[in-house]
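Asks: Keeping their order, the protein sequence lines are chains A and B. This note's numbering applies: residue 1 is where the first sequence begins, and numbers increase by one. This note's numbering applies: residue 284 is where the second sequence begins, and numbers increase by one. Glycine included, C-beta positions come from ideal geometry on N, C-alpha and C.
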Amino acid sequence: MMLLPAVVLLLTIVILPFALSIYFSFTDQRLTPRPIPTRIVGLTNFARMFADPLFWKALANTFVFAILVTPFQLALSLAVAMILNAAIPFRAFFRTVAIIPLLLPMTVVAAIWAVMYRIPNGPLNSVVQMFAGSSVYVDWLGSSSTALLSIVLLSAWATFPYQMLIYLAGLQEIPQDLYEAATLDGAKRWQRFRYVTWPGLRNVNIFQLIITTIGALKLFTQVDMLTKGGPNGATTTVIHYMYQQGFLSQKVGYASAVAVFFFLVVCTIALIQRVVLRNEEGA
Amino acid sequence: MAAVEFRNVRKSFGSVDVIPELNLTIKDGSFTVLVGPSGCGKSTMLRMIAGLETTSSGLLLIGGDDVTHRNPSDRGIAMVFQSYALYPHMTVADNIGFGLKLAGLPKPEIQKRVSDAAGILQLEKLLDRKPRQLSGGQRQRVAIGRAIVRQPKVFLFDEPLSNLDAALRSQMRVELTELHDRIGATMIYVTHDQVEAMTMADQIVVLNGGHVEQTGTPAELYRQPKTPFVAGFIGSPRMNFIQGAIATARGADVIGLRPEDIGLSGDNGQWKGRIRHSEFLGSETLVYVDAEEIGPITIKSPGEITIAQGETVFLDLNLAKAHPFKTGHRVPAAGNVRGSA
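1. Using a Cβ-Cβ distance under 8 Å, would S295 of chain B count as near chain A?
2. Return the first residue and the last residue of the alpha helix (DSSP H) that N288 of chain A is part of.
3. Output the residue ranges of the beta strand (DSSP E) runs that lie fully inside the stretch 202–281 of chain A and measure 3 residues or longer, sorted by chain position.
4. Would you please state the rounded distance, in angstroms, between the beta carbons of F160 of chain A and Q73 of chain A? I believe it to be under 8 Å.
5. Pick helix, strand or coil for E562 of chain B, following the three-state DSSP scheme.
6. Assuming contact is defined by CB atoms lying nearer than 8 Å, are L54 of chain A and T236 of chain A in contact in what I supplied?
7. Compute the distance between the beta-carbons of F314 of chain B and H463 of chain B, then report whether it is under 8 Å.
8. Kindly list, in the order they appear in chain B, the residues whose Cβ is closer than 9 Å to that of P199 of chain A.
9. Looking at C-beta atoms only, is the number of pairs between the stretch 270–280 of chain A and the stretch 93–106 of chain A that lie closer than 8 Å three or more?
10. Give a yes or no on whether the minimum CB-CB distance between L335 of chain B and chain A is below 8 Å.
11. Can you pull the chain A neighbours of F364 of chain B, defined as C-beta to C-beta under 8 Å?
12. Would you mind giving the Cβ-Cβ distance between G556 of chain B and D573 of chain B, rounded to the nearest angstrom? I have them listed as a contact below 8 Å.
13. Take every Cβ of the stretch 507–518 of chain B, pair it with every Cβ of the stretch 341–359 of chain B, and state whether three or more of those distances are shorter than 8 Å.
14. Pick from A:A87, A:I83, A:S77: whose alpha carbon is nearest that of L102 of chain A?
15. Would you mind reading off the limits of the alpha helix (DSSP H) that contains R136 of chain A?
16. Does Y195 of chain A get closer than 8 Å to chain B when you measure Cβ to Cβ?
17. Enumerated in chain order, which unbroken segments of the alpha helix (DSSP H) with a length of 4 residues or greater are wholly contained in the stretch 308–347 of chain B?
18. Can you find the residues in the same chain that come closer than 7 Å, C-beta to C-beta, to L148 of chain A, ignoring five residues on each side of it along the sequence?
19. Could you check whether the Cβ of S356 of chain B sits closer than 8 Å to any Cβ belonging to chain A?
20. Can you find a C-beta in chain B that's less than 8 Å from the C-beta of D185 of chain A?
21. For a test of the three-state rule: what should DSSP assign to Q486 of chain B, helix, strand or coil?
22. Would you identify the three-state DSSP class for A624 of chain B, choosing helix, strand or coil?
23. Which of the residues in the stretch 378–392 of chain B, read from start to end, lie with their CB under 8 Å from any CB of chain A?
24. Count the other CB atoms, across all protein chains shown, that sit within 10 Å of the CB of I302 of chain B; report buried if there are 16 or more and exposed otherwise.
25. What's the gap between the Cα of A259 of chain A and the Cα of S143 of chain A?
26. Run the CB neighbour count on V115 of chain A, radius 10 Å, all protein chains shown included, and call it buried at 16 or more, exposed below.
27. Residues in the stretch 136–169 of chain A with C-beta within 8 Å of chain B's C-beta atoms, listed in sequence order?
28. Rounded to whole angstroms, what's the CA-CA distance from N651 of chain B to G419 of chain B? Just pull it up for me.
29. What residues match up with N491 of chain B in a beta bridge as DSSP calls it?
30. Which residues of chain A have a Cβ atom closer than 8 Å to the Cβ of A361 of chain B, listed in chain order?
31. Of all Cβ atoms in chain B, is any one closer than 8 Å to the Cβ of Q273 of chain A?
32. With a threshold of 8 Å between beta-carbons, can Q208 of chain A be considered close to chain B, or not?
33. Of all the options B:I393, B:A530, B:Q477, B:K583, which has the alpha carbon lying nearest to the alpha carbon of L602 of chain B?
34. State the DSSP-derived secondary structure class of K583 of chain B, mapped to helix, strand or coil.
35. So the beta strand (DSSP E) D464 of chain B belongs to, where does it begin and stop?
36. Kindly say whether Q172 of chain A, judged by its beta-carbon, lies nearer than 8 Å to any beta-carbon of chain E.
Take a look at the structure:
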């Protein structure tokens, strides 16, 4: 009986919508009611999805984004966590400052970065112009070659404090004695990181890798706020593609097929990560 | 092997002087135990020798070399930590050989030294295990092995047995003493356990508030304590301190009497008292008595004594064995020196 509220909640907000998505993925369900009743269409939605070049573009962009942002964001968060874990002056103040990005909604972050990226005279272009001359500027979000990278940069900045806090907790769990023993063994700063810090963060890293990868694969807000998937689909992601198909084109059945497929992809990635990392542990 | 010397060493943390000024020589090849209550500065001293703490002023010499500002790894020391500080992701062999690997020794040399240390410490069958697969005693041996392979001039031990159970602790005490006899290096051992100090040391340094209260062999400290602090700290149960006419008659403020130097009788004796509590320890019994005029007294009697709580008893103080103290120091040429050190 005690489990009942949890079971009801889980059924209502997770299981039922997911079951409905699976069902819709085999139908031609529309977002708004229409005179023709919804029909079962079998695997048609999946076939159309696999035949759509924009879907593959979105899938590729999503993976490129995840592959770029995950290591960048984790490295940034670990570096900042190590600085904030050291005995620096005003440490409490800097720890507070470092989590400010986490307090801002992603829409606000996107708006701030839109100003940063503005051409021709946003702050980032001012830096470019300082080195390359006043007539030079980069169309950060308007160029296919820089749009996705620009989103990587702002996404890493906006969400790294979350990983940084987890790393900070992980670093504080590593016994100081180990560093002292390593110092007595003759380990230099880098060797102490290599042989004490890094192995000490192993479980934290597994968690961080899985969580950050999944978070990266769900990229949507930044893209929708800044580029709407453009230019020429250079920043379209699977979730943004799904949103366009389901809400703008009202093809809920088709969007559900994309969602179900993408769910399986994300699950597979998470499982592979877990299995590979577990095998490494056993090795 | 090397002597360790503190010359006018001071250590302060902010405005707190942990070690106001220290001059001490730890003899080459000795097994020296630093003992004292919590906060007396014994661990700080050890960490200063290791180079894990800086000195605020003064000189620190190891084997005659000034190492005051030298890196920990260049001081010729090895340290065994209270927590063992084994690298959890490395095997026993890798843990033991880690310092040698960092020093760039060839692999065959590392393997030989690791194998030799494992032989000494009976770790041969555990070399492929990770620390989490070992018992407390085995982990302690690995930590000692890690120290041995570096062939240091000085071994430092920071309360290494405090995480072990009583049986293992006494076994490791014997093993560490034998290890010292075998390799003959200078060993400096920090503990707050006076049993460890008495059984293992050939020199004990008693510390109190960053000062050296007394240095000497265990027998010297037990038989000729220079201050009431040392008298009270060395020996278990603690020495009894008696003030008043008995002390004044011996030219002292206070006299100390070991619990075994007080006789207990049911019908006659110099001092009358009432039994507060007794503890039977097998070969002896500790009896706590509230004595008239002289206050609470602890008595150690051989065998089993069956006296009920609250019963009246009589005490005989063997004043020939009393330790007289005046203004915080032993009164010279007074009191008894049993077996004289």
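Replies: Short version:
1. no
2. Nothing about residue 288 of chain A can be read from this structure; chain A reaches only from 1 to 283.
3. none
4. 5 Å
5. strand
6. yes
7. yes
8. Y370, P371, H372, M373
9. no
10. yes
11. D177, E180, A181
12. 6 Å
13. no
14. A:S77
15. The amino acid at residue 136 of chain A is misidentified as Arg; the sequence shows Val. Premise fails: V136 of chain A is in no alpha helix (DSSP H) and is neither H nor E.
16. yes
17. 325–333
18. N61, V64, F65, A234, T235
19. yes
20. yes
21. strand
22. In this prediction, A624 of chain B scores a pLDDT of 33, lower than 50, which makes its location untrustworthy; the coordinate-derived value is nonetheless stated afterwards. It is coil, neither helix nor strand.
23. F381, G382, L385, A386
24. buried
25. 28 Å
26. exposed
27. none
28. Residue 651 of chain B lies beyond the range of chain B shown here (284 to 624); nothing can be said about it.
29. B:H494
30. L184
31. no
32. no
33. B:A530
34. strand
35. Not the beta strand (DSSP E): D464 of chain B falls in the alpha helix (DSSP H), residues 449–466.
36. Protein chains A and B are contained in the structure displayed, whereas chain E is not.
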